[in-house]
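Right, one structure below, let's go through it.
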Amino acid sequence: MNASFGGAGTGIGLAAFADNLGPETVWGKLFLYLAPVVAISFTVVMSLIFAKLEQREIRNQNAKAIATVEAEINSPDCSFVRKQELQVILKALRDEKIAYRL
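For what it's worth, the working numbering labels the leading residue of the sequence shown as 1061, then goes sequentially.
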């Protein structure tokens, strides 16, 4: 959504710049025709960047969760029953990591 707003703003900015240059000048026409292309391109690039950042955040959260569970499993205060429960949780986290290619 943010990328769409950014792309729209970019397109409007280029159209306004083209209008300022004069719609009948070569540069004005060029910016006017390039405005939609630049706006769509900007939206696509920003969407990809946001998707990669979100994937990175998910990967980091998964790694932190795995580290936390492993630390609790290795704790000497952890009971045998609790270790078994944590092993199930750890397996689920590792499966999630594999399934989502984190």
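C-beta: ideal position from N, C-alpha, C; glycine also. None of the values given here were measured: they were computed from a predicted structure.
Val1098 places its beta carbon less than 7 Å from that of Leu1074.
Taking all protein chains in view, the Cβ of Val1148 is surrounded by fewer than 16 other Cβ atoms within 10 Å, so the residue is classified as exposed.
Straight-line measurement puts the Cα of Thr1103 at about 22 Å from the Cα of Asp1079. Counting the other Cβ atoms within 10 Å of the Cβ of Gly1082 gives fewer than 16, which makes it exposed.
Of the other Cβ atoms in all chains shown, fewer than 16 fall within 10 Å of the Cβ of Phe1110; this residue is therefore exposed. Around Arg1154, the same chain offers Ile1126 as residues with beta carbons nearer than 8 Å, after the five sequence neighbours per side are excluded.
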